[in-house]
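Before any comments, here is the structure.
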RNA sequence: GGCCUGAUGGCGGAGUGGUGACGCAGCGGACUGCAAAUCCGUGCACCCGAGUUCGAUUCUCGGUCAGGCCUCCA
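Numbering (this note's numbering), first residue to last: 2 to 466.
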């Protein structure tokens, strides 16, 4: 079954055909690194990581180039740097490292490229120059502005008609703009802010132009897939597209393609308990991973379809842990079975290929787990292979099943439990049920649950610590 | 005001013009010394109204409700 993806520009699901199957390109808007990432920041990362893995499976690992940028010059970064009295590099390096570590915890593969705005400055300035030269941008009072009126199809991506953008504008329009929708490509730096020299005067780039330049430099235009959160559709992606298209397509071959497929993930909401920094309940990935395995957080982010909004709740996390208990349980009970070298299950693959239907794919995973539990003899090898290959395509079940159930227990605790379990086994062998039950009660107090089976007993931590 | 989504069983969440999603929780059974885990079985779910149709949760229209975006939040 061929891969099909929902394209925001076409407003329809379309079969995915890359321009060059030997060089499939994908770009996703990355973080502004001025603080720790919260779980909402992680949603696009995990969603597009699944797509990255699926594309690698389909076209070959070496054939897929994935770039996710880092915005490392920005008002919030400047403010933070000023607060701490350090240069912005100190801030951005610190939070970029934390960001990458957090995304690693969520099982996201590192992108092929992670371009940074401050290291793309030449390309940004060159791109602005090209826009000015061909009449798509103009200078005014130290700024360079994109001329939306000069871009014939500005607004097609987001579907925002020009007139409404004037009527609905919430922010006071700067007097030097020719049109209210015009946006900044280059602006003067305020005193104390980082500054770069340019033909337009000293200053720093606007946000949108950074992405366009980074795409061009790391992947080349046009790209196959452009991803990001739905909140970025307007104005960010609209503006990115306008810049890219007007810098290249206009007046030459008439090609107005910037990205061949536009994909947007839905917003993540924080249920009834509003997320608030003052309440101290901001769901930072960095904090969440202290009490919940990153793999379970990843599961929670994929429980709903990527285009639907997702409510982030404690219940969602708890159910995600249980879902993985089920899958790791099947692996644990088949620990002695060598997994056959099968590919992913066809029905599972078909679910992912249908515009990343992760809920349907997860349903197939449960089916594969049941198949493994019920298979007998040689059939178990194939069943285990299919479960592992499928789950791993989505970034799950790379861990050791024992570690999953006993994670967080240190060696001393582990040997204490093992010896209690051994004494209980002895009591059971002697059919001394009261003694066996007494030991089980002791284990329960230690937050441990024992599970007897034909070959002995296993145990797990009841509550994760 | 403009643009755009969504409304499915106790909860989460797919999907479909006529049969079963799936997971959690519940109930019954098997297995077990008892548990747990696992397995088997079970649940008269598709916002309202009209239309199309032999038949609509699924298509069309209207309504109600909820949510998002509208210049730099993924």
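Where is the CB? At the ideal position from N, CA and C, for every residue including glycine.
Here residue 15 carries a strand assignment [DSSP, helix/strand/coil]. Distances from the alpha-carbon of residue 34 to those of 51, 78, 445 put 78 closest. When beta bridges are read from the DSSP output, residue 145 appears opposite 140, 187. The alpha-carbon of residue 308 is positioned some 17 Å away from that of residue 17.
Take the alpha-carbon of residue 23 and the one of residue 180: they are about 42 Å apart. A distance of 8 Å or more separates the beta carbons of residue 365 and residue 325. When DSSP states are grouped into helix, strand and coil, residue 342 belongs to the coil group.
DSSP places residue 375 within a helical segment (H, G or I) once states are collapsed to three. The region 45 to 65 makes no contact with the region 77 to 96, as fewer than three CB pairs between them are under 8 Å.
Proximity of the region 238 to 249 to the region 143 to 161 meets the contact definition, three or more beta-carbon pairs being nearer than 8 Å. For residue 265, the enclosing beta strand (DSSP E) has its first and last residue at 260 to 266. Per the DSSP secondary-structure output, residue 72 pairs in a beta bridge with 33. Contact annotation, residue 207 with residue 178: C-beta distance approximately 13 Å; criterion of less than 8 Å not satisfied.
Comparing C-alpha distances from residue 148 to each of 142, 54, 136 shows the shortest one belongs to 136. For residue 434, the enclosing alpha helix (DSSP H) stretches over residues 434 to 446. Between residue 344 and residue 390, the C-beta spacing is below 8 Å. Unbroken alpha helix (DSSP H) stretches of 4 residues or longer found wholly inside the region 184 to 243: 208 to 219, given in chain order. Under DSSP, the beta-bridge partners assigned to residue 460 are 451. The alpha carbon of residue 439 has as its nearest neighbour, out of 430, 452, 354, 425, the alpha carbon of 425.
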